[in-house]
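Chemist:
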Amino acid sequence: MTLELVDVSMSYPQRGGPKLALDGVNLTVSPREFLCVVGASGSGKSTLLSLVAGLTTPTSGEITIEGHPITGPGPDRGLVFQTGSLYPWRTVERNVAFGLELLALDAAERRRRVDWYLAETGLADVRRSLPRQLSGGQQQRVAIARALVCEPDVLLLDEPFGALDVQTKEDMQLLIRQIWRDTGTTVLMVTHDVEEAVFLGTRVVVLASDPGRVAAEARIPLAEDRDLATKRTPAFLGLRASIEDMVRAQHRCGVTR
Amino acid sequence: MKTALAERAADVRAAWPPLPRRTRPPRTLLTIRTPISRRVTTTLTVASLAVPFTFWVVLSASGVVPATFLPSPGAVLSAGWEMARSGELAVDVWTTTRRVLEGFGLAVLVSVPLGILIGTFHAAQAVFEPVIGLLRYLPASAFIPLLIIWLGLGEPSKIAILFIGTVFFNTLMTADVVRGVPRPLIDVSYTLGARRGEVLRKVVVPHSLPGIIDAVRVNAAAAWNFVVVAELVNSTAGLGYRIVRAQRFLQTDKIFAVLVVIGVIGVTIDVALRLVRARVGRWAA
Ligand SMILES: Nc1ncnc2c1ncn2[C@@H]1O[C@H](COP(=O)(O)OP(=O)(O)O)[C@@H](O)[C@H]1O
Ligand SMILES: [Mg+2]
């Protein structure tokens, strides 16, 4: 699957004139890629994902998946928010099963698939818990499993670990890498955390603020096999520093303007 | 240059008197949102019931107030017992309860779906909310004469009053609850493949259910008020009717007894709905 954004602009209506959130974004996400978009808060990251998800329509430009224009939200593009998007009245397993309940699947088939993703995300032990009984990290696992069980062409992650403590965040980073490798899904993730972007991504795109636009991009030539020790290697630190410089440069010119 | 500036800043601060410190008052019964012991809670609750009751006993026993104005608890109890024994009370309670079930039941059947529509679709909101916002300020009791002209003295006019008195509030309160469904929950459902009707059925309604039950509980109390008002004006049975009858013969003990019955039924309904709410809304706790 190939996701393509061509000259995508988005402005929100606002008092005192429209607010340009994204300006002429061109982006191609290739099959099996793990693309991380980094940018400061307010640089249009959530807007970008919402457009790809089909929840909002771009003011101009075109977004296509496999050459077909996106007309609305659908299970081919799974979305995970930072927090608070689980169904609080559904248990973990029933949250994960939501998308499958909408399809003509028999219960056994549904259960088989849900079980696989619960195991993959380490949730088998809490399958009958309610979201409020889970830790923040577990809640995000549920959100990820719920999106993945629909077998999306691309998984859209909107700062999914932004609200987690550092240790949990690292666990989740390892988990999402493992899921990405196990399932062969394509991932488009936005974050403000450069270290996270470099650690997870096969490619990193830097978003400039006000209006949001693609300022730079870098391939991440790290090995497929990454663990937490990777974060201490000179190659990693060098990449991280150079991308941090790009983000900082964008941020500075945003401030001084 | 920098150090000179820092030095000057330090000099300025040196001339300041120390900031006054505030003492922290000790924790008391009235510290904001601080739990109190179980014993204190029980004591306060018991006292809140026992003190007025004792006052009533003493006042009626002392003879300061004539028994016609303020019957003693004993007199009220025997008046109530008398009504229960003759079967009169059961008929009155059932008549009134049936009216509430019919009138308020109808109001719930209309207001809940309507409220869900208003809270979900801006178009429905634009159509219904201004009208209902206006109608709810027209006092239902003022409709009694009109409804009697339109519907006669029988059951329909009473049920209509109950309906009018509760349907508008329950609609707007339901709409508010439905508007509280978090946006991300709706968005994420669409990305999981849900269609509009499925989002309504599987997301909006379940998320709103506890809040809707809360609204129904509040308006059930209002319904219980309206039915008695309707019965006071005209009827041949019911708890309100019994009060008017008792008034004609100056039977204050009977009036008190009926009031107690009304209170007990009201509390029972409230507790029952609370239990349902607690069961349905366990996930929200
Ligand atoms: N619904 C909206 N209405 C108006 N302005 C919005 C809306 N959503 C986002 N914006 C504006 O668009 C810009 C980008 O927002 P967003 O995509 O949320 O950025 P990010 O996710 O990177 O923090 C911000 O300046 C924000 O204020
Ligand atoms: Mg955001």
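Order-wise, the sequence lines are chains A and B.
Residues in the first sequence are numbered from 0 upward in steps of one, following numbering that gives the first Met the number 0.
Residues in the second sequence are numbered from 0 upward in steps of one, following numbering that gives the first Met the number 0.
Ideal Cβ positions, reconstructed from N, Cα and C, are used throughout, including at glycine.
Fair warning: this is a prediction, and the values are worked out from it, not measured in the lab.
1) For Lys18(A), write down the residues that DSSP places opposite it in a beta bridge.
2) Is Met188(A) helix, strand or coil when you go by DSSP?
3) Consider the C-beta atom of Ser140(B) and the heavy atoms of ligand 2; say whether any pair is separated by less than 7 Å.
4) For Arg98(B), name the three-state secondary structure that DSSP assigns.
5) What number of angstroms, rounded off, separates the C-alpha of Thr53(B) from the C-alpha of Ala106(B)?
6) Between which two residues does the alpha helix (DSSP H) holding Ala78(B) run?
7) Just mark Pro30(A) as buried or exposed, buried being the case when its beta carbon has 16 or more other beta carbons within 10 Å.
8) Measure how close the beta-carbons of Ala162(A) and Gln81(A) come, nearest whole angstrom, since I'm counting them as under 8 Å.
9) Would you mind stating whether Ser188(B) and Val202(B) have Cβ atoms separated by less than 8 Å?
10) Roughly how many angstroms separate the alpha carbons of Phe127(B) and Leu150(B), rounded to a whole number?
11) Quickly, what does DSSP pair Leu249(B) with across the bridge? List them, please.
12) Opposite Pro68(A) in the DSSP bridges: which residues?
13) Name, please, each residue of chain A whose Cβ falls closer than 9 Å to the Cβ of Gly210(B).
14) Using the beta-carbon of each residue, which ones in chain A are nearer than 7 Å to Asp186(B)?
15) Between Leu88(B) and Met82(B), what straight-line distance do the alpha-carbon atoms span, to the nearest angstrom?
16) Excluding the 5 residues flanking Arg276(B) on each side, which residues of the same chain have their C-beta closer than 8 Å to its C-beta?
17) CB of Glu32(A) to nearest heavy atom of ligand 2: below 7 Å?
18) As an exercise, report each continuous beta strand (DSSP E) stretch of at least 3 residues that is fully enclosed by the stretch 196-226 of chain A, in chain order.
19) Looking at chain A, which residues of the stretch 193-206 of chain B have a Cβ within less than 9 Å of any of its Cβ atoms?
20) In this structure, what does DSSP give as the bridge partners for Thr27(A)?
21) Mapping DSSP to helix, strand and coil, what is Arg23(B)?
22) Where do the N-terminal and C-terminal ends of the alpha helix (DSSP H) with Leu146(B) fall, by residue?
23) DSSP state of Asp186(B), grouped into three classes?
24) Ser207(B) and Asn169(B) look like a contact to me (Cβ under 8 Å); what is the Cβ gap, rounded to whole Å?
25) Using beta carbons (cut-off 8 Å, strictly below), is Thr119(B) in contact with chain A?
26) Could you round the C-beta distance between Phe248(B) and Pro70(B) to whole angstroms and report it? I think they count as a contact, below 8 Å.
27) Can you tell which of Ala49(B), Glu230(B), Tyr240(B), Ala219(B) has its C-alpha closest to the C-alpha of Val333(B)?
28) Under a Cβ-count criterion, where at least 16 other Cβ atoms within 10 Å of its own Cβ denotes burial, should Ala142(A) be classed as buried or exposed?
29) Going along the chain, which residues of the stretch 58-82 of chain A sit with their C-beta nearer than 7 Å to a C-beta in chain B?
30) For Lys253(B), which option in Phe68(B), Thr44(B), Ser36(B), Thr95(B) has the closest C-alpha, if you only look at C-alpha atoms?
31) Considering Cα atoms alone, identify which of Arg98(B), Pro17(B), Ser36(B), Leu272(B) is closest to Arg26(B).
32) From which residue to which residue does the alpha helix (DSSP H) around Leu85(A) run?
33) Which residue comes first and which comes last in the alpha helix (DSSP H) that contains Leu76(A)?
34) I'd like to confirm something about Asp157(A): is its beta-carbon nearer than 7 Å to some heavy atom of ligand 2, or not?
35) Measuring CB atoms only, is the stretch 180-189 of chain A touching the stretch 37-51 of chain A, in the sense that at least three cross pairs come out at less than 8 Å?
36) With Val37(A) as the anchor, note down where its alpha helix (DSSP H) starts and where it stops.
Modeler: Quick answer:
1) According to DSSP, which records beta bridges pairwise, Lys18(A) is partnered with Tyr11(A).
2) Secondary structure at Met188(A): strand, using DSSP grouped into helix, strand and coil.
3) Shortest gap from the CB of Ser140(B) to any heavy atom of ligand 2: 7 Å or more.
4) Three-state result, Arg98(B): helix.
5) Their Cα atoms are separated by approximately 40 Å.
6) Per DSSP, the unbroken alpha helix (DSSP H) holding Ala78(B) starts and ends at 72-85.
7) An exposed status is given to Pro30(A), since fewer than 16 other beta-carbon atoms sit within 10 Å of its beta-carbon.
8) Their Cβ separation, rounded to whole angstroms, is 6 Å, which keeps Ala162(A) and Gln81(A) in contact under 8 Å.
9) Less than 8 Å divides the Cβ of Ser188(B) from the Cβ of Val202(B).
10) Spanning the alpha carbons of Phe127(B) and Leu150(B) requires a straight line of approximately 25 Å.
11) Residue pairing by DSSP places Leu249(B) in no beta bridge whatsoever.
12) Partner(s): Thr63(A).
13) Think of a sphere of 9 Å around the beta carbon of Gly210(B): no beta carbon from chain A falls inside it, the nearest being about 12 Å out.
14) In chain order, Leu54 make up the part of chain A whose C-beta sits under 7 Å from the C-beta of Asp186(B).
15) Their backbone Cα atoms lie some 5 Å apart in a straight line.
16) The answer, listed in chain order, is Pro209, Ile212, Asp213, Arg216.
17) No, the beta carbon of Glu32(A) sits no closer than 7 Å to any heavy atom of ligand 2.
18) Within the stretch 196-226 of chain A, the complete beta strand (DSSP E) segments at least 3 residues long are 202-207, 212-218, listed from N- to C-terminus.
19) From the stretch 193-206 of chain B, only Ala193, Arg194, Glu197, Lys201, Val202, Pro205, His206 have a Cβ closer than 9 Å to chain A.
20) DSSP, once it has assigned bridges, lists Glu3(A) as partnering Thr27(A).
21) Three-state result, Arg23(B): coil.
22) Following the DSSP letters along the chain, one finds Leu146(B) inside the alpha helix (DSSP H) bounded by residues 143-150.
23) Reduced to three states, the DSSP call for Asp186(B) is helix.
24) That belief does not hold up - the Cβ atoms of Ser207(B) and Asn169(B) are roughly 13 Å apart, past 8 Å.
25) Closer than 8 Å: no.
26) At roughly 13 Å, the Cβ-Cβ gap does not stay under 8 Å, so Phe248(B) and Pro70(B) are not in contact.
27) The requested residue 333(B) is not part of the displayed model; chain B covers only 0 to 284.
28) Ala142(A) should be labelled buried.
29) Within the stretch 58-82 of chain A, the residues whose Cβ lies closer than 7 Å to some Cβ of chain B are Pro72, Gly73, Pro74, Arg76, Gly77, Leu78, Phe80, listed in chain order.
30) Nearest of Phe68(B), Thr44(B), Ser36(B), Thr95(B) to Lys253(B), Cα basis: Phe68(B).
31) For Arg26(B), the nearest C-alpha among the options comes from Ser36(B).
32) Annotation for Leu85(A): no alpha helix (DSSP H) segment contains it, and DSSP assigns it neither H nor E.
33) Reading off the sequence, residue 76(A) comes out as Arg, not Leu. Following the DSSP letters along the chain, one finds Arg76(A) in no alpha helix (DSSP H) but inside the beta strand (DSSP E) bounded by residues 76-79.
34) Indeed, a heavy atom of ligand 2 lies less than 7 Å from the Cβ.
35) Contact holds: three or more Cβ-Cβ distances are below 8 Å.
36) Careful: Val37(A) lies outside any alpha helix (DSSP H), inside the beta strand (DSSP E) at 33-37.
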